[in-house]
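Residue numbers (the working numbering): 14 to 674.
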């Protein structure tokens, strides 16, 4: 190869630059404007637009669906006991949900606390492979369930477990079937992908409203909501596992004359077993979180205790119940993780027989003992927790020298940040906000994402909730900004200092397992009910995910690149700013995307503590029977979630303008 040829410039798509004609290069440059230039143009346009036009969505472009939805809700309520759809399908589904949960709960109760502990420990020991390997999972299972009893929450824990077991079983079967369809059919995968993407950004409360309309308050709504909410991880991981099967294994199976079903059962599913177990693990975690939220519609169990603690601002009781939920999550997570770690290592007959014998002995002895946990073996930690919180609130709420206190901070933050941001958004013309959303989504991702963002944001105006959506959007933007500011800083520190990462890991494990309601109780006591409390709880809840994604992205930067920058004399800050952050930009965008989704979920729940706007309407629709208002607000939250998801969702290819600049 000649020297001249070796020095030819190469285009970004891998083709040589000289192969493009000059007009083609000019068109390409015109079709890809620089991100700074576009953002500067928007920065100059939007203030001018706000001066020349009035804010707000045009009345002529609104459609009032609340009366129609209220009429439909009334019709559903009036025909629940007479219409054939309810009598011959939905009623049977409702009865099956209620009976299955009741049957599992009675089974747990009849086994007694000793029987439940024995079965859980034996199952965890077997899942870990038996012997010494199974000792750790068995100890975690035994300690976690015993901890629920020691906290005085055994009865509530069994109610939650009954709902969990039924919902996880149903969600796993549903997810497996849909995942098989997506893994074996390209058409099914194309249909499922947008559905799953939409479900990812749906706040958990959005699932409750239509099901409460159909099934009313009680176990059926809670169970079916949990199944729908928890199934997507199983669908995704099953599809991924089937499509990631080794082509060599499939070809060998085909060469032996096996049919399509034989290849599925003997080759594809065994190879995909790790992904299936990971999907089961994620389904369990999501089901547990949804079971707690479903307490708003009468699910009972631990979730009901958390909800009651929120209403009475009893932080000690709320954190106690939250700790029990964490213990259950740790038990289930470690058991499924142990089962995944021992793949390919069969359990011997002796170990299997021993596990069966322990479980059988527990089931024989358990009913002879008290069904409930002994009262003498309980510990009350709620009182000292409340004492500590009362001291903290008394010391930090007001009259703090120089700082003023949390009440002053909340007032100043509302006056200086939240109110001006909301007023600015409300003053902008509707078309300018649509333009801004579309351009940012296009720069971050693709034109399809930009179109989705514009249409989703437009729907809030068409539904007549434009002003309320902007009010909620102002809270989401502030909460996301706080989350990203703290998350990127802490994530950068954890990526560079392993000790910090190790110390944060167990803290974040617990934070990601605690119900969202738990975060609302202390912040309400510190900041009073209102937007600041909702924003603070949302930022704290979303922080662990942002920190973890940021840390992982920065740690995956090529060490050779870091060493080169270090050898050139770059300081620590220069390495972070000029090397790690630019190279980890895709991961940082993913962290921002996850922050948006999690923040939006808690901002909705913030309607319980004075967050207002869409979140308040959703809660009002659930608790006051105004389902038309609640459904419209839920649809608005979904639209906001879709728009914000596209604004922070990086494209997978080189089409991202932000990645190019």
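Even glycine gets a Cβ: it sits at the ideal position worked out from N, Cα and C. Since this is a predicted model, take the numbers as computed values, not measurements.
Residues bridged to residue i (per DSSP)
i	result
residue 128	Answer is none; residue 128 lacks a bridge partner.
residue 413	417
Inter-residue spacing [alpha-carbon to alpha-carbon] between residue i and residue j
i	j	result
residue 521	residue 561	9 angstroms
residue 667	residue 466	The pLDDT assigned to residue 667 is 33, lower than 50, so where the model puts this residue is not dependable; a value taken from the coordinates is nonetheless given after this. The alpha-carbon atoms of residue 667 and residue 466 are separated by roughly 20 angstroms.
residue 74	residue 310	34 angstroms
residue 210	residue 505	28 angstroms
residue 480	residue 553	26 angstroms
residue 551	residue 539	15 angstroms
residue 443	residue 436	14 angstroms
residue 125	residue 385	7 angstroms
residue 108	residue 233	8 angstroms
residue 38	residue 459	With a pLDDT of 41 at residue 38, under the threshold of 50, the predicted position of this residue should be treated as unreliable, and no value is reported.
residue 528	residue 302	6 angstroms
residue 365	residue 295	26 angstroms
residue 512	residue 178	37 angstroms
residue 76	residue 610	27 angstroms
residue 572	residue 578	10 angstroms
residue 245	residue 418	44 angstroms
residue 601	residue 334	34 angstroms
residue 363	residue 566	45 angstroms
residue 660	residue 501	18 angstroms
residue 564	residue 191	33 angstroms
residue 113	residue 514	43 angstroms
Best match in the options for proximity to residue i [C-alpha to C-alpha]
i	options	result
residue 148	517, 169 and 368	368
residue 237	249, 190, 493 and 183	183
residue 122	150, 81, 380 and 346	380
residue 656	529, 473 and 530	473
residue 375	390, 128, 349 and 162	128
residue 390	588, 372 and 164	164
residue 195	652, 422, 256 and 220	256
residue 171	362, 421 and 316	316
residue 395	135, 76, 166 and 114	166
residue 426	341, 543, 475 and 223	543
residue 90	639, 526 and 131	639
residue 174	345, 575 and 662	345
residue 662	608, 629, 470 and 342	608
residue 186	471, 240 and 525	240
residue 298	319, 341 and 336	341
residue 371	130, 568, 646 and 352	130
residue 475	204, 87, 645 and 431	645
Three-way DSSP call (helix, strand, coil) for residue i in this model
i	result
residue 595	helix
residue 424	helix
residue 38	Residue confidence for residue 38 is low, a pLDDT of 41 falling below 50, so the modelled location carries little weight; the figure read from the coordinates is stated next. The answer is helix: DSSP assigns residue 38 an H, G or I state.
residue 316	helix
residue 69	strand
residue 442	strand
residue 118	helix
residue 394	coil
residue 295	helix
residue 662	coil
residue 157	helix
residue 514	helix
residue 110	helix
residue 375	helix
residue 538	helix
residue 172	helix
residue 477	coil
residue 95	coil
residue 584	coil
residue 344	helix
residue 386	coil
residue 569	coil
residue 746	The chain is shown only over 14 to 674; residue 746 falls outside these bounds and no answer can be derived.
residue 285	coil
residue 150	helix
residue 578	helix
residue 77	coil
Residue i: CB within 7 angstroms of a non-hydrogen atom of the ligand HEM
i	result
residue 187	Absence of the ligand HEM from the depicted structure is noted, as is the absence of any ligand whatsoever, leaving it without description.
Below-8 angstroms beta-carbon distance, residue i vs any chain B residue
i	result
residue 587	In the structure shown, chain B cannot be found, because there is only a single protein chain.
Mind the definition here: the region 286-296 touches the region 137-157 only if three or more C-beta pairs lie below 8 angstroms; say whether that holds.
-> no
Determine, using beta-carbon pairs with one atom in the region 618-629 and one in the region 476-487, whether at least three such pairs fall under 8 angstroms.
-> Yes, the region 618-629 touches the region 476-487.
Cβ pair count under 8 angstroms reaching 3, the region 91-109 against the region 151-161 = no
Between the region 586-601 and the region 525-541, are three or more C-beta pairs nearer than 8 angstroms?
-> no
Cβ pair count under 8 angstroms reaching 3, the region 441-455 against the region 396-407 = no
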